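Peer 1: When the sequence shown is numbered by this note's numbering, its final residue is 746 and no position is left out of the sequence of numbers.
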Amino acid sequence: MADHLRKYEALFTLTPQRMRMIVEAFKEALELGLEKPSQVVPMIPTFVFGWPTGKETGDYIAVDLGGTNLRVCLVTLQGDGKFEITQSKYRLTEEQKQDDGQKLFDFCAECLRTFIDTNSSEPDGVLTPGEILPLGFTFSYPCTQERIDHGVLIRWTKGFGSPNTEGRDVAAMFNESIEKYQLPVKLTALINDTTGTLIASHYVNPRTKIACIFGTGCNAAYMEHVRDSDKIKSMGITDDVDMAINCEWGAFDSFVHEHLPRTKYDIIVDESSNKPAEQSFEKLISGRYLGEILRLVICELVDEGVLFLGQNTYKIEKPYVIDTAFLSLMESDPTDELLMIIGIFNHFFALETTLAERQFFRALAKLIGRRAARLSACGIAAIVSKMGYLDEGCSVGADGSLYNKYPGFADRIHEGLQDIFGEKGRNIVTHHAEDGSGVGSAIIAAMTKIRKEAVSSTQHTRAGLFRRLPISA
Ligand code: BGC
274 MADHLRKYEA
284 LFTLTPQRMR
294 MIVEAFKEAL
304 ELGLEKPSQV
314 VPMIPTFVFG
324 WPTGKETGDY
334 IAVDLGGTNL
344 RVCLVTLQGD
354 GKFEITQSKY
364 RLTEEQKQDD
374 GQKLFDFCAE
384 CLRTFIDTNS
394 SEPDGVLTPG
404 EILPLGFTFS
414 YPCTQERIDH
424 GVLIRWTKGF
434 GSPNTEGRDV
444 AAMFNESIEK
454 YQLPVKLTAL
464 INDTTGTLIA
474 SHYVNPRTKI
484 ACIFGTGCNA
494 AYMEHVRDSD
504 KIKSMGITDD
514 VDMAINCEWG
524 AFDSFVHEHL
534 PRTKYDIIVD
544 ESSNKPAEQS
554 FEKLISGRYL
564 GEILRLVICE
574 LVDEGVLFLG
584 QNTYKIEKPY
594 VIDTAFLSLM
604 ESDPTDELLM
614 IIGIFNHFFA
624 LETTLAERQF
634 FRALAKLIGR
644 RAARLSACGI
654 AAIVSKMGYL
664 DEGCSVGADG
674 SLYNKYPGFA
684 DRIHEGLQDI
694 FGEKGRNIVT
704 HHAEDGSGVG
714 SAIIAAMTKI
724 RKEAVSSTQH
734 TRAGLFRRLP
744 ISA
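Put into structure tokens, the structure is as follows:
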């Protein structure tokens, strides 16, 4: 197995030099996205202006349509960076992800109805009958926004494919479902999970300047000076404010495939996906794909007669049967015999393994997981270098199953940052973020309410000041 491993090491290892080249190309892609509309990395203006003060208060509903679950939360912001949260999770089926878009939003509204009914009927329930609550809708797919309560879906990602949704305003679609189910809420803000994470993490840790999600999908957000983006300035927004940008960096190097080190396994993952050529960066990193990359390598060795000779391999030949969680388990198996790996192959794929094979699988998982973390470091480094955060240092709020559950993922990102920046790379530290899709969404709904009230009172009192406030409130 050692010879085979050497081959895969060469394929999946990223040298510091290669990483630096990726960072440069990444930085250019970020800059281009800020300059012009409709670029590969779209750098989406989010209409979230500046940081929260920490004084935001009140009750908010948050609905979070992520890659795997639907979550409904009631968030009470108590000010001073404190909050309380009550939530329910509903699993999304694979069929729902392909079902008509309006039906998907109807399902969100139905779950919200159940949540509201349950929470208002409890004696100590926080919801008061008759009250209309502001709602933050976390919709974690690329959407072009013209205002904060609007967003046209550019494309589905993470395996979703619901027809009649791409190219449409998903806030309007969700509003239709809200009306249909007569829900006592007002959709105040449509946000991306990364933007929510950025704001929630800054609410409790003001050193946070960047937020990342490493889960089923991957992406980042950060705060940009409007004066530095021709694209945002041309939208008629004053240039003395800051606005959060949803980078949608999962799309880096899509279509052209010039910069990322794609192996033939990555190309198969891409070409057999429901969105070939898209989300190229994400397909090398996120939890949705890592298990499949490992499976493809294993299948190649089965075909070459190297693995499982004489055993029936049909179970492992089915696409996506290796969950990324298996890679985490393989890497963290503490036993000399690698009993966890014996269990996985036996239980899920009815396959017997030798110790040498198990050691090989573990080493392979490590190569794929490490490459994902080092590429993630490249994305972070591109934002850090573009914004000039290196000397002063900053915190990066990170969330998602890969970041939270994959052993060593954070350490490998940090190691990658040092490979890119040398000693100074230590100034950039990732930490487990606050719940962006729940708490972050509530804070943004609160910030939006405050901003709109400020705009309307300014409009009433001193029309002249209006230009000083961001328009399109
Ligand atoms: C989506 C992003 C999202 C990320 C993490 C990507 O597939 O395009 O909008 O932030 O997944 O959930």
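Just so you know, even glycine gets a beta-carbon here, dropped at the ideal spot from N, CA and C.
Quick caveat: nothing in here was measured; it's all calculated off a predicted structure.
By Cβ distance below 8 angstroms, which residues in the same chain neighbour T330 in space, the five residues on each side in sequence not counted?
Peer 2: Closer than 8 angstroms at Cβ, skipping near neighbours: L350, Q351, G352, A719.
Peer 1: Report the option in P415, T288, R561 whose CA atom is closest to the CA atom of Q312.
Peer 2: Closest option to Q312, Cα to Cα, is P415.
Peer 1: Would you decide whether Q290 is buried or exposed? Buried here means 16 or more other CB atoms lie within 10 Å of its CB.
Peer 2: That one is exposed.
Peer 1: DSSP on Y333, reduced to helix/strand/coil?
Peer 2: Note: Y333 maps to strand in three-state DSSP.
Peer 1: Which residue comes first and which comes last in the beta strand (DSSP E) that contains C485?
Peer 2: 481 to 487 is the extent of the beta strand (DSSP E) around C485.
Peer 1: Using 8 angstroms as the limit for Cβ to Cβ distance, is F622 near chain C?
Peer 2: Protein chains in the displayed structure number just one, and chain C is not present.
Peer 1: From A447 to Q455, what distance separates their C-alpha atoms?
Peer 2: Checking the sequence shown, residue 447 turns out to be Phe, not Ala. Roughly 12 angstroms separates the two Cα atoms.
Peer 1: Heavy atom of the ligand BGC less than 7 angstroms from the Cβ of Q552, yes or no?
Peer 2: True, at least one ligand heavy atom lies under 7 angstroms from that Cβ.
Peer 1: Would you decide whether R740 is buried or exposed? Buried here means 16 or more other CB atoms lie within 10 Å of its CB.
Peer 2: Residue confidence for R740 is low, a pLDDT of 41 falling below 50, so the modelled location carries little weight; the figure read from the coordinates is stated next. So R740 counts as exposed.
Peer 1: How about G340: is its Cβ closer than 7 angstroms to a heavy atom in the ligand BGC?
Peer 2: Yes, since a heavy atom of the ligand BGC falls inside the 7 angstroms radius drawn around the Cβ of G340.
Peer 1: Just to confirm, is the Cβ distance from F682 to G642 under 8 angstroms?
Peer 2: Yes, the pair counts as a contact, with Cβ atoms nearer than the cut-off.
Peer 1: Just curious, the beta strand (DSSP E) that H277 is in, first and last residue?
Peer 2: Element bounds for H277: not the beta strand (DSSP E) but the alpha helix (DSSP H), 275 to 285.
Peer 1: Roughly how many angstroms separate the alpha carbons of R665 and N700, rounded to a whole number?
Peer 2: A small fix is needed here, since residue 665 is Glu in this sequence, not Arg. About 7 angstroms.
Peer 1: When the Cα atoms are used, what is the spatial distance from G737 to L305?
Peer 2: Reliability of the predicted coordinates at G737 is poor, the pLDDT of 38 falling under 50, and the value obtained from them is presented with this limitation in mind. Approximately 34 angstroms between the Cα atoms of the pair.
Peer 1: Identify whether H620 lies in helix, strand or coil by the three-state DSSP scheme.
Peer 2: It is helical.
Peer 1: If you drop the 5 nearest sequence neighbours on each side, which residues of the same chain put their C-beta closer than 7 angstroms to that of P743?
Peer 2: Annotation note: pLDDT 46 at P743 (below 50); position unreliable, coordinate value reported separately. Result list for P743: F322, I510, T511, V514, in chain order.
Peer 1: Indicate whether the contact test is met: 3 or more Cβ pairs, each with one atom in the region 516 to 531 and one in the region 591 to 605, closer than 8 angstroms.
Peer 2: Contact between the region 516 to 531 and the region 591 to 605 is absent, because fewer than three Cβ pairs lie under 8 angstroms.
Peer 1: Taking T721 as the reference, give the member of N437, D390, T366, L463 with the closest Cα.
Peer 2: Among N437, D390, T366, L463, the Cα nearest to that of T721 belongs to L463.
Peer 1: Strictly by DSSP, which residues pair up with Q360?
Peer 2: Bridge partners of Q360: C346.
Peer 1: Are the CB atoms of Q584 and E610 within a distance shorter than 8 angstroms?
Peer 2: Going by C-beta atoms, E610 is not nearer than 8 angstroms to Q584.
Peer 1: Check G711 in the structure and name its three-state DSSP category.
Peer 2: Three-state DSSP puts G711 in a helix.
Peer 1: May I ask you to check if the CB of E577 is nearer than 7 angstroms to at least one heavy atom of the ligand ADP?
Peer 2: You won't find the ligand ADP in this model; what it holds is the ligand BGC.
Peer 1: Would you grab the beta carbon distance between L338 and T411 for me? Rounded to a whole angstrom, and I think it's under 8 angstroms.
Peer 2: Confirmed, Cβ separation roughly 7 angstroms.
Peer 1: In the DSSP assignment, find the unbroken alpha helix (DSSP H) run with M292 in it and report its ends.
Peer 2: Note, M292: alpha helix (DSSP H), 289 to 308.
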